[in-house]
């Protein structure tokens, strides 16, 4: 994607859900809120 933001490609390539699981979040869920946006929720384990 062409953009003036220097790290935008890395952001779009990041697997956010997997990264969240790797750092310890559980119940990671991703939902499309509209065609261009998503909401990611997760739980911090006790």
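Residue numbers (this note's numbering): 155 to 200.
Glycine residues also receive a C-beta, built at the ideal position from the N, C-alpha and C atoms.
Collapsed DSSP secondary structure at residue i in the structure displayed
| i | result |
| --- | --- |
| residue 162 | helix |
| residue 170 | helix |
Backbone CA spacing between residue i and residue j [nearest angstrom]
| i | j | result |
| --- | --- | --- |
| residue 179 | residue 198 | 5 Å |
| residue 152 | residue 159 | It is not possible to answer for residue 152, since the shown part of the chain is limited to 155 through 200. |
| residue 172 | residue 157 | 25 Å |
| residue 167 | residue 200 | 30 Å |
Host beta strand (DSSP E) of residue i (start-end)
| i | result |
| --- | --- |
| residue 192 | 191-197 |
| residue 185 | 180-188 |
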